[in-house]
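There are 4 protein chains.
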Amino acid sequence: MAKDDSKRIPRPIQYSDYLKLDELLSAQQLESKHYGPPAHDELLFIITHQAYELWFKQIVFELESVIDIFDNQTVEDLEMGQIIGWLSRITVIQRVLLQQIDVIETMTPLDFLDFRDLLVPASGFQSIQFKKIEIMMGIRRSMRTDADRDFFRSRLSERERISLDELEAKPNLLELTDAWLARMPFLKFGSYHFWDEYEGAVETMLESDQRIIESNPAISEENRVWQLAATEATRIRFESLLDEGKYEALRSAGEFRLSHQAFLAALFINLYRDEPMMYLPYRYLTLLLEIDQQFTNWRSRHALMVQRMLGRKIGTGGSSGADYLNQTTERNRVFLDLFALSTFLLPRSSLPELPSELKQALGFHFSKSAHTK
Amino acid sequence: MAKDDSKRIPRPIQYSDYLKLDELLSAQQLESKHYGPPAHDELLFIITHQAYELWFKQIVFELESVIDIFDNQTVEDLEMGQIIGWLSRITVIQRVLLQQIDVIETMTPLDFLDFRDLLVPASGFQSIQFKKIEIMMGIRRSMRTDADRDFFRSRLSERERISLDELEAKPNLLELTDAWLARMPFLKFGSYHFWDEYEGAVETMLESDQRIIESNPAISEENRVWQLAATEATRIRFESLLDEGKYEALRSAGEFRLSHQAFLAALFINLYRDEPMMYLPYRYLTLLLEIDQQFTNWRSRHALMVQRMLGRKIGTGGSSGADYLNQTTERNRVFLDLFALSTFLLPRSSLPELPSELKQALGFHFSKSAHTK
Amino acid sequence: MAKDDSKRIPRPIQYSDYLKLDELLSAQQLESKHYGPPAHDELLFIITHQAYELWFKQIVFELESVIDIFDNQTVEDLEMGQIIGWLSRITVIQRVLLQQIDVIETMTPLDFLDFRDLLVPASGFQSIQFKKIEIMMGIRRSMRTDADRDFFRSRLSERERISLDELEAKPNLLELTDAWLARMPFLKFGSYHFWDEYEGAVETMLESDQRIIESNPAISEENRVWQLAATEATRIRFESLLDEGKYEALRSAGEFRLSHQAFLAALFINLYRDEPMMYLPYRYLTLLLEIDQQFTNWRSRHALMVQRMLGRKIGTGGSSGADYLNQTTERNRVFLDLFALSTFLLPRSSLPELPSELKQALGFHFSKSAHTK
Amino acid sequence: MAKDDSKRIPRPIQYSDYLKLDELLSAQQLESKHYGPPAHDELLFIITHQAYELWFKQIVFELESVIDIFDNQTVEDLEMGQIIGWLSRITVIQRVLLQQIDVIETMTPLDFLDFRDLLVPASGFQSIQFKKIEIMMGIRRSMRTDADRDFFRSRLSERERISLDELEAKPNLLELTDAWLARMPFLKFGSYHFWDEYEGAVETMLESDQRIIESNPAISEENRVWQLAATEATRIRFESLLDEGKYEALRSAGEFRLSHQAFLAALFINLYRDEPMMYLPYRYLTLLLEIDQQFTNWRSRHALMVQRMLGRKIGTGGSSGADYLNQTTERNRVFLDLFALSTFLLPRSSLPELPSELKQALGFHFSKSAHTK
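Chains as they are written, first to last, in our numbering: chain X, 1 to 373; chain V, 1 to 373; chain P, 1 to 373; chain E, 1 to 373.
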């Protein structure tokens, strides 16, 4: 703890040296200058993209740090607080990313035309760092669109391709979260089998729903038929959740990504998030969902912006622009399972009461005694 | 101008009376209260939707005001300034609408479950005011998705249906903008035919592109073939722009909505927006595009939020929730033609020079002389 | 838990009935209509203020809910999660409040003049709900500016004044937080006295700082004198923190608001926030700070907006407008102590190591064993 | 127009070369690495400040471009459109600057402590580019706070000081706007003297106000006295507006910055902004006001953030941190006169009717005839 003093004398440091402002502020070289008078808006184009790349670097760093902790296998709660802090930071940065689209849109299509053709074949879709973010989140080559896969094949330098290949070979956040969830010890506790209780609660709920639909005089006959069918569909859905075989079949068909065990653990966390010990895990899952959601927003806003800028023309880099982006908006979502969880929630009033022994295990011992004495 | 003084003595007025706070703040009646302890988050649910409805009322009012001015047929420039002010206000309100999604998302799916089933068959998609906004913008029954049309058939009261039918019978912003654009006098001026000049400039540009592609040693053979094909596709696109018959064929096929004359005028405004007289018309078109774009953003964020809240379950009101919303996101865009304009822009360096006589007509006489003397 | 079915058949409910849209959307009565043609922007003025009042109602409700839990004395951790959820919701609503200032600013001063004089003596500062929020946060009559106190004396109805007086008589968030912090059991643990350790660490740090300053050849003589004086000032500050008498003297002089015990507990939470059990308390304190900070932002933006709208004129209601608001911006901050905490942080490398017995008490037993087996 | 083809063959360009990503992404050198394990949050600290510097560069560039146009003396309307586009872009960038404060606030004071002392004497207030922005807007050395002036004396390198001195010697936006406004030809037109008419309208308005106050039975006697005094104060204010001598006296006392002629022109533009020809000038003045207002917001949010991060400690660089920033928040505002304009607006109903000859001169001739035929 006690570093020796000699090391603690910091050398004096100046703002502009520390931030390397000379390098940073001379890194904007207008291409249009080589072909005539400089295009006014090219500086904005460069600076916006550079700001994106700076923030991407920060996001890559935070994701790496999170992955590092998970990779150490024993997730101490101490570090769960850190993980949550870093992921939460990513969501705040993402709001800046969104806002920057407003900035780029102050450039009109006509202004962009002044230098657009000079940038061939460069393209905004070439950001290696953004691909890294996708890969670390959990996107694999096989999930990508054809155009996107094509990019990996034909637009990368040797060095870049190797670096991305290596990254794909490492565990990603989706996989690490899956393993972490599957390890959760909450699902069986002594003789108590939670999922049996849950199944009973679901059955009671569905039967009650059915009885109400059948007896409610306010519902038209047509509507009654429709509602009964919907109830039946819900019953089938719950069956495939609780039957590992059925679940895995749906997973193979692409409807789920998490393993059965992990999906159930995530559901448990969402159902009992009011228990103190579930607070951090719940917050963690919520942040994954929010990061995913914000990248989806950003992709769809980006696609609209490109459409506005290029119309139906092909973008710089020969790619098909807005269409390409629109495809990835939906395709490159990672944590879809977390959005699907709501399907399987039960109202608090129908939730099985946990055995007090388990409940206590989920609480903070210290605080319980400390505050109630 | 001089109102007589007796009328000018305003009666004293109190804040809470003026804002009708008694009515406003007692309009939040929790449904959950009737079935047990009140659900904490139901107040948020009600208040957020009420805030939406207040802002929708404001947007409806601004759109009506804009439409009224257009309906008076002679668009004086004086009023163009007002129109722009009001549309610009709508874009600022839309940012609040977006932000309010963040608020509703502070309610978790489990909290929503506490009262969700009590709201059947009410549904957030039932906002009549939002339908009005869509109709005034330019959405017609025939353009809507099946589920959306179904809503008009089965979920409206008699009074509501009549009111929406009447609104659809009136001219909407798309039609009025079309008529206004088609009336623009800029396209022929004396013996000068702008579109002949434009066609020539396009031809020169395409020929030059082709020559470069054919002679550029830096391009691979495969790439050269691809680029030549792209150039040919561009040529065909321009042909269908300039040939009224071809344009109308594409329009019938749904690729364009504006009349040929109106589309050309919008293009002209975009090409020569640097001319003083084009400033207000250009700003007007840009605002239409931005309003459209922001509603698109809002619909897609709304769809994500519903998916997060309901998973794959059907929403309150028996509608299919997220899927339904996702469909309307793309379907209910109105001013797609304004996004397509960029396809047909020419770089400023290739733009035909306007004859000085026309250029002068597009400027401000007064200021020209006043400032240069 | 199992409500009987008869109660569970919810009556069918329609969107517009549920939201009381008839009442809500007819509550906008333009005053300008009584004196001539309606002023276009008056609707915006009313709707924006009504939207503010709706959100104020939500914030009042969340604060009441938080205060209720605290008032029950035994703060179970279960409810700490809820408290945090509700306070966090307030911060998201505050972002909407800020955004709404952009909306009101789409009204120009000239447009406001069209109806401004009709609103006398109503005034935007008359919001009773906003006063309630301030009172529940912890603002007392004695802390307010003269103009603000004047408002309580002369601008309230009998009913309003009684209601605000009653609210002031109840415990507020500042007091409840103080009591909760003072109750924290972490400061003495067996024979371990944390603050002795802390004092030692401070002393070591200051001595080392002093040695560095005295021996660093890179510092000019003038600078050295200045830095030594700054170190001495820091030493005095720490002394007044650790000496209850000195602290209370400063508190009487208005430099602190929290009791000595509470301030120390808040500092401890900030220092050891990485411990699992400190996570929720730390988040709670951070949210109080953020709510305070956002109201400060909102007040200062509001003041600028009023200055822009009214210039140096007196506002509706005869109040002095921007000046008045500017004063309250700084004056009506509540949790200043939380901003001051940073003064007394020590770098993690200088923090006293907690005894393992205490450390364990601050962790989650269950997870520790569960994850490491 | 027709560049020769050889010049038009753009060399192929890659995304990462174009954006100089190698330089950009290696410019983050953690200082903490030299003294032990790297501090996790130092990367965020560096990247946020670098992102600020990138955006500052863009703002400097846009301001330079605007100033260049003004310096060319003959402000053609064509360029007014451009000026407005660039200033409007600055306001959008400013929203990013604000949002970035949220990002830096994801770093907690304790995390900052991990590397804060290593940065001495660097300081966030040392941004030369931000000083340039202030200077170009119109801040002169003499207006600055002592601490701020001190910075210029003691913290700049020779090169930096010379560069800032030179910039101060050039005309700034405040001066150029003053000259441009003073040149406006609208104030006298033939035999029509606008300000005589305005003075008459003010007198009529004040007399009517006085009559109403004297005769209104709803006003208490005390209130009546107060309101009559306020009316008299208003009368005196208007007198000092219209009397050049009195105005200049107030200007010397620091109450106004614009010359008398310029202030009147700005007022005229605000009063008659509905006239087509006033549209662009009005928009220009509004943008200056908004840029000023947003920097004020940013400074005050920055001050709060620093207070939260450092408490009452002195900042890196030995400056007094939050206090220093709080002072500049109000002091470094530039276009205060534009906020004061509202004081002198008249309701549209009291505005003098412009002679039709002048009104016509303020309109667009072409459009008038073109659209009404």
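Glycine residues also receive a C-beta, built at the ideal position from the N, C-alpha and C atoms.
Can you give me the Cβ contacts of isoleucine 133 (chain E) inside the same chain, cut-off strictly under 7 Å, excluding the 5 residues immediately before and after it?
-> For the purposes of this step, residue 133 (chain E) is identified with residue 133 of the fourth sequence, where counting begins at 1. Closer than 7 Å at Cβ, skipping near neighbours: Phe56, Ile59, Val60, Leu63.
In angstroms, rounded to a whole number, what distance separates the CA positions of asparagine 326 (chain V) and asparagine 223 (chain V)?
-> Against the second sequence, residue 326 (chain V) aligns to sequence position 326. Against the second sequence, residue 223 (chain V) aligns to sequence position 223. Just so you know, the alpha carbons of asparagine 326 (chain V) and asparagine 223 (chain V) end up roughly 37 Å apart.
Taking the alpha-carbon positions, what's the serine 300 (chain X) to isoleucine 104 (chain V) distance?
-> Position 300 of the first sequence, counted from the first residue, corresponds to residue 300 (chain X). Position 104 of the second sequence, counted from the first residue, corresponds to residue 104 (chain V). Using only the alpha carbons, I get a separation of about 21 Å.
Could you work out which residues of chain P lie near tyrosine 324 (chain V), taking near to mean beta carbons separated by less than 7 Å?
-> Along the second sequence, read from residue 1 onward, the residue named residue 324 (chain V) stands at position 324. Residues of chain P passing the Cβ test: none, with the nearest at roughly 15 Å.
is_contact[phenylalanine 339 (chain V), chain X] using C-beta, thresh 9 Å = Position 339 of the second sequence, counted from the first residue, corresponds to residue 339 (chain V). Taking Cβ atoms only, chain X reaches closer than 9 Å to phenylalanine 339 (chain V), which makes this a yes.
In terms of alpha-carbon separation, which member of X:Thr328, X:Leu280, X:Leu285 lies closest to alanine 303 (chain X)?
-> Translated into the one-based positions of the first sequence, residue 303 (chain X) becomes position 303. The candidate whose alpha carbon is nearest that of alanine 303 (chain X) is X:Thr328.
Nearest-angstrom Cα separation, counted from phenylalanine 112 (chain E) out to glycine 315 (chain X) = By 1-based counting over the first sequence, the position of residue 315 (chain X) is 315. By 1-based counting over the fourth sequence, the position of residue 112 (chain E) is 112. Caution applies to glycine 315 (chain X), whose pLDDT of 45 falls short of 50 and renders its modelled position unreliable; the model cannot decide the point.
So what's leucine 43 (chain V) in DSSP terms, helix, strand or just coil?
-> Here residue 43 (chain V) refers to the residue found at position 43 of the second sequence. In the three-state reduction of the DSSP assignment, leucine 43 (chain V) falls in the helix class, which pools H, G and I.
For lysine 20 (chain P), count neighbouring C-beta atoms within 10 Å of its own C-beta (all shown protein chains included) and say buried if the count is 16 or more, exposed if not.
-> Locating residue 20 (chain P) in the third sequence gives position 20, where the first residue counts as 1. Buried is the call here.
Helix or strand or just coil, what does DSSP make of leucine 358 (chain E)?
-> Indexing the fourth sequence from 1 puts residue 358 (chain E) at position 358. If DSSP states are grouped into helix, strand and coil, leucine 358 (chain E) belongs with the helices.
Inter-residue CB distance, threonine 231 (chain E) and aspartate 209 (chain E) (contact presumed, cutoff 8 Å) = For this step, residue 231 (chain E) is matched to residue 231 along the fourth sequence. For this step, residue 209 (chain E) is matched to residue 209 along the fourth sequence. Their Cβ separation, rounded to whole angstroms, is 5 Å, which keeps threonine 231 (chain E) and aspartate 209 (chain E) in contact under 8 Å.
Can you list, in chain order, the residues of its chain whose CB lies under 6 Å from that of glutamate 353 (chain E), leaving out five sequence neighbours each side?
-> In the fourth sequence, residue 353 (chain E) corresponds to position 353, counting from 1. No residues qualify anywhere along the chain.
Backbone CA spacing between phenylalanine 151 (chain P) and threonine 296 (chain P) [nearest angstrom] | In the third sequence, residue 151 (chain P) corresponds to position 151, counting from 1. In the third sequence, residue 296 (chain P) corresponds to position 296, counting from 1. In a straight line, the C-alpha of phenylalanine 151 (chain P) is about 20 Å away from that of threonine 296 (chain P).
If you run the structure through DSSP and keep just helix, strand and coil, what is asparagine 216 (chain P)?
-> Here residue 216 (chain P) refers to the residue found at position 216 when the third sequence is read from its first residue. Of the three classes helix, strand and coil, the one that applies to asparagine 216 (chain P) here is coil, per DSSP.
Burial state of threonine 204 (chain P), where buried means 16 or more other Cβ atoms lie within 10 Å | Translated into positions along the third sequence, residue 204 (chain P) becomes position 204. Threonine 204 (chain P) should be labelled exposed.
So which residues on chain X does leucine 176 (chain P) lean against when the C-beta distance must stay under 7 Å?
-> Along the third sequence, one-based indexing puts residue 176 (chain P) at 176. Neighbours of leucine 176 (chain P) on chain X: none; closest Cβ ~14 Å, over 7 Å.
Can you tell me whether DSSP reads glycine 245 (chain E) as helix, strand or coil?
-> Taking the fourth sequence and counting its residues from 1, one reaches residue 245 (chain E) at position 245. It is helical.
Under 9 Å between the Cβ atoms of arginine 89 (chain X) and leucine 110 (chain E)?
-> Along the first sequence, one-based indexing puts residue 89 (chain X) at 89. Along the fourth sequence, one-based indexing puts residue 110 (chain E) at 110. Between arginine 89 (chain X) and leucine 110 (chain E), the gap from beta carbon to beta carbon reaches 9 Å or more.
May I have the straight-line CA-CA distance separating glutamate 290 (chain V) from leucine 30 (chain E), to the nearest angstrom?
-> Taking the first residue of the second sequence as position 1, residue 290 (chain V) is located at position 290. Taking the first residue of the fourth sequence as position 1, residue 30 (chain E) is located at position 30. Straight-line Cα distance between these residues: approximately 42 Å.
Is the CB of glutamine 293 (chain E) under 9 Å away from at least one CB in chain P?
-> One-based indexing of the fourth sequence puts residue 293 (chain E) at position 293. Closer than 9 Å to some Cβ of chain P, the Cβ of glutamine 293 (chain E) qualifies, so yes.
Does the stretch 268–280 of chain P come close enough to the stretch 234–248 of chain P that 3 or more CB-CB pairs lie under 8 Å?
-> Inter-segment contact for the stretch 234–248 of chain P and the stretch 268–280 of chain P is absent: fewer than three beta-carbon pairs are separated by less than 8 Å.
Write down every uninterrupted run of the alpha helix (DSSP H) in the stretch 53–127 of chain X whose length is 4 residues or greater and which is fully enclosed by it, in chain order.
-> 77–104, 109–116
Whose C-beta lies closer than 6 Å to the C-beta of arginine 11 (chain P) among residues of the same chain, with five residues either side of it excluded?
-> Reading the third sequence from its first residue, position 11 is the one you call residue 11 (chain P). Cβ neighbours of arginine 11 (chain P) beyond the five flanking positions: none.
Secondary structure of isoleucine 162 (chain P), DSSP reduced to three states = Working through the third sequence from its first residue, we reach residue 162 (chain P) at position 162. Looking at isoleucine 162 (chain P) - three-state DSSP - the assignment turns out to be helix.
Alpha carbon of glutamate 357 (chain E) to alpha carbon of serine 191 (chain E), nearest angstrom | Looking up residue 357 (chain E) in the fourth sequence gives position 357. Looking up residue 191 (chain E) in the fourth sequence gives position 191. Going from the Cα of glutamate 357 (chain E) to the Cα of serine 191 (chain E) covers about 11 Å.
With distances taken between CB atoms, is the gap from alanine 374 (chain P) to leucine 258 (chain P) smaller than 9 Å?
-> Absent from the structure is residue 374 (chain P), since the part of chain P shown begins at 1 and ends at 373.
Within its chain, find whatever has a CB closer than 8 Å to the CB of tyrosine 247 (chain P); leave out the 5 residues flanking it on each side and keep chain order.
-> Here residue 247 (chain P) corresponds to residue number 247 of the third sequence, with the count starting at 1. The residues are Ser240, Leu241, Phe256, His260, Phe263.
Taking the alpha helix (DSSP H) that phenylalanine 256 (chain E) falls in, what are its first and last residues?
-> The sequence position of residue 256 (chain E) within the fourth sequence is 256, counting from 1. Phenylalanine 256 (chain E) -> no alpha helix (DSSP H), and no H or E assigned at all.
Can a CB atom of chain P be found closer than 9 Å to the CB of proline 38 (chain E)?
-> On the fourth sequence, position 38 is the one that residue 38 (chain E) refers to. No - not a single Cβ of chain P is within 9 Å of the one on proline 38 (chain E).
Would glutamine 58 (chain E) count as contacting chain V if we go by Cβ distances under 9 Å?
-> On the fourth sequence, position 58 is the one that residue 58 (chain E) refers to. Answer no: the Cβ-Cβ gap between glutamine 58 (chain E) and chain V never drops below 9 Å.
Would you tell me roughly how many angstroms separate the C-alpha atoms of leucine 338 (chain P) and glutamate 42 (chain E), rounded to the nearest one?
-> Along the third sequence, read from residue 1 onward, the residue named residue 338 (chain P) stands at position 338. Along the fourth sequence, read from residue 1 onward, the residue named residue 42 (chain E) stands at position 42. Each residue's Cα considered, the two are about 23 Å apart.
Can you find a CB in chain P that lies within less than 9 Å of the CB of glycine 200 (chain X)?
-> The residue you call residue 200 (chain X) lines up with position 200 of the first sequence. No, glycine 200 (chain X) does not count as interfacial toward chain P.
What is the residue span of the alpha helix (DSSP H) that proline 281 (chain V) lies within?
-> Here residue 281 (chain V) refers to the residue found at position 281 when the second sequence is read from its first residue. Looking at the DSSP string, the run of the alpha helix (DSSP H) that includes proline 281 (chain V) is 279–310.
Given a cut-off of 9 Å, decide if glycine 138 (chain P) and phenylalanine 335 (chain P) are closer than it, judged by their beta-carbon atoms.
-> To locate residue 335 (chain P), count along the third sequence from 1; it is residue 335. To locate residue 138 (chain P), count along the third sequence from 1; it is residue 138. Yes; because the gap between Cβ atoms is below 9 Å, this pair is in contact.
Quick one: grab the DSSP three-state call for isoleucine 139 (chain E).
-> The residue you call residue 139 (chain E) lines up with position 139 of the fourth sequence. Collapsing the DSSP output to three states places isoleucine 139 (chain E) in coil.
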